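Inspection log for the structure reproduced underneath, given as structure tokens.
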Amino acid sequence: MSFAKGPRVVIWLLTSKCNLACHHCYTARFPQERELDEEQALTLVESMADSGVRHIGFSGGEVFLREDALRIIKRAFKLGMSTSVVTNGSLLTEEIVKELHDSQVLTFLSIDGAHKETHERIRGSGTWSFVTAAAEKLQKFSAKFYTIMAVSRLNYTEVSGYLSLAQEMGASAGCLIPVMPAGRASKKLILPPDDMVTVLQSADETAKELHFPVSLWCTPFAKLVVKSNSVFSNFCRLSNSEVDLDPEGNVLLCDVIDIRLSNIREKSILEAWREQERNSLTKSLTNPKLAEPCLDCPLRNKCRGGCFARAQLIAGDILAPDPLCPRIAGLI
Numbered sequence: 130m131s132f133a134k135g136p137r138v139v140i141w142l143l144t145s146k147c148n149l150a151c152h153h154c155y156t157a158r159f160p161q162e163r164e165l166d167e168e169q170a171l172t173l174v175e176s177m178a179d180s181g182v183r184h185i186g187f188s189g190g191e192v193f194l195r196e197d198a199l200r201i202i203k204r205a206f207k208l209g210m211s212t213s214v215v216t217n218g219s220l221l222t223e224e225i226v227k228e229l230h231d232s233q234v235l236t237f238l239s240i241d242g243a244h245k246e247t248h249e250r251i252r253g254s255g256t257w258s259f260v261t262a263a264a265e266k267l268q269k270f271s272a273k274f275y276t277i278m279a280v281s282r283l284n285y286t287e288v289s290g291y292l293s294l295a296q297e298m299g300a301s302a303g304c305l306i307p308v309m310p311a312g313r314a315s316k317k318l319i320l321p322p323d324d325m326v327t328v329l330q331s332a333d334e335t336a337k338e339l340h341f342p343v344s345l346w347c348t349p350f351a352k353l354v355v356k357s358n359s360v361f362s363n364f365c366r367l368s369n370s371e372v373d374l375d376p377e378g379n380v381l382l383c384d385v386i387d388i389r390l391s392n393i394r395e396k397s398i399l400e401a402w403r404e405q406e407r408n409s410l411t412k413s414l415t416n417p418k419l420a421e422p423c424l425d426c427p428l429r430n431k432c433r434g435g436c437f438a439r440a441q442l443i444a445g446d447i448l449a450p451d452p453l454c455p456r457i458a459g460l461i
């Protein structure tokens, strides 16, 4: 089957409901009253398949608080799409883990520190026991999983220990993402550029030492610091192939900022993607007018100014260069 040009990846905040109250949660800003119901969600999955979507990344909130979550995931699998899911691990029974394995789901397990005390300071009392138990279940059923750590002032010194723990738990890789000042997260949690350099250096050194893959999210400038072939960094500055959906079905410019471009209740996923592509702000961000020091940066053609969402949230200017970048901060 051939497809017209359209989205290939959908990042879908399936629900904002959660059984935790993590300090850094950006989805706490979404109301829960108008989330897509099961029929709407399944219809949307079928529309994605018809439009050529190849991967759906499910997130929350806690995805498995939706009792239909597995049915939605399994429908995507049966329609030939790969899937991933971000979870805090609290609801991962052996039955659910087996279903995840059978549907070839890549699970991202949230672990926010190398130690119980740090993790529970961020996520709440008792959360360490169920996340470690979740890792054991995933390993028992040979379900592929990565760990993901939201890096902030509360835990950034534990990056090396966290990556060692992820490897010991049986994860295929460890992921790191800087906390954004959205939802419940305050600016007090946000790392300054010099501490971000420390994080990148620690990830680089630990990846080389352990021969363990590390994935850096939302840090398009990372390769200015890291050199290890085991460390990978994504370049998002608005991928032409991706759509970000909130729990209500709004197409967002990015899932951490409330700039709505379309809504799949009113349009098909393909029509919503086309509306995203035509948007003037989308075009400005995809092909930004760079100034120094971005203009002569070796990463300029991939990074293109870095994370626009962070520029909006921290600098108040969506077209500004990434305020977390060490080159912008004059550190390198």
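To get this note's numbering, take the position in the sequence shown, counting from 1, and add 129.
Backbone N, C-alpha and C define an ideal beta-carbon position, used for all residues, glycine too.
Bear in mind that the values here come from a model prediction, so they are computed numbers and not experimental data.
{"Query": "CA nearest to the CA of GLU377, picked from THR335, GLU265 and ASP387", "Result": "ASP387"}
{"Query": "Distance CB(LEU173)-CB(ARG200) smaller than 9 Å", "Result": "no"}
{"Query": "CB contact check: LEU283 to chain D, cutoff 9 Å", "Result": "Absent here is chain D; the protein component of the structure consists of one chain."}
{"Query": "Continuous alpha helix (DSSP H) assignments of at least 4 residues falling wholly in the stretch 135-202", "Result": "167-179"}
{"Query": "Collapsed DSSP secondary structure at VAL328 in the structure displayed", "Result": "helix"}
{"Query": "Beta-carbon proximity list for ASN284, same chain, < 6 Å, skipping 5 on both sides", "Result": "ASP241, GLY242 and THR247"}
{"Query": "Buried/exposed call for ASN217, threshold 16 Cβ in 10 Å", "Result": "buried"}
{"Query": "Close Cβ partners of VAL385 (< 6 Å) along its chain, the five nearest in sequence each way excluded", "Result": "TYR155, MET309, ALA311 and ALA438"}
{"Query": "For PHE237, three-class secondary structure by DSSP", "Result": "strand"}
{"Query": "Proximity below 9 Å, CB of GLU404 to CB of LYS396", "Result": "yes"}
{"Query": "PHE274 - containing alpha helix (DSSP H), residue span", "Result": "Where PHE274 is concerned, there is no enclosing alpha helix (DSSP H), although the beta strand (DSSP E) it sits in stretches over 274-280."}
{"Query": "Of the listed residues LEU453, TRP257 and ARG394, nearest to GLY168 (C-alpha basis)", "Result": "This sequence places Glu at residue 168; Gly is not what is there. With distances taken between Cα atoms, GLU168 lies closest to ARG394."}
{"Query": "Per-residue burial, GLY186 [other beta carbons within 10 Å of its own, 16 or more giving buried]", "Result": "buried"}
{"Query": "CYS347 versus ASN369, CYS432 and LYS316, residue with shortest Cα-Cα distance", "Result": "CYS432"}
{"Query": "Range covered by the alpha helix (DSSP H) that runs through GLU371", "Result": "From DSSP, GLU371 is part of no alpha helix (DSSP H) but of the beta strand (DSSP E) over 371-374."}
{"Query": "Close-in-space but distant-in-sequence residues of the same chain around TYR291 (CB under 7 Å, 5 per side omitted)", "Result": "ILE240, GLY242, ALA243, MET278 and GLY303"}
{"Query": "Beta-carbon contacts of GLU467 that lie in its chain and below 8 Å, excluding the five residues immediately before and after", "Result": "No answer is possible for residue 467: it lies beyond the span of the chain, which begins at 130 and ends at 461."}
{"Query": "Boundaries (first-last residue) of the beta strand (DSSP E) holding LEU267", "Result": "No beta strand (DSSP E) holds LEU267; the alpha helix (DSSP H) holding it covers 256-269."}
{"Query": "Own chain partners of ALA449 with C-beta closer than 6 Å, once the 5 adjacent residues on each side are dropped", "Result": "ALA440"}
{"Query": "Segment limits, alpha helix (DSSP H) that includes GLY290", "Result": "288-298"}
{"Query": "Whole-angstrom distance between LEU294 and ASP197, CA atom to CA atom", "Result": "32 Å"}
{"Query": "Between the CA atoms of ALA401 and ASN408 - distance to the nearest angstrom", "Result": "11 Å"}
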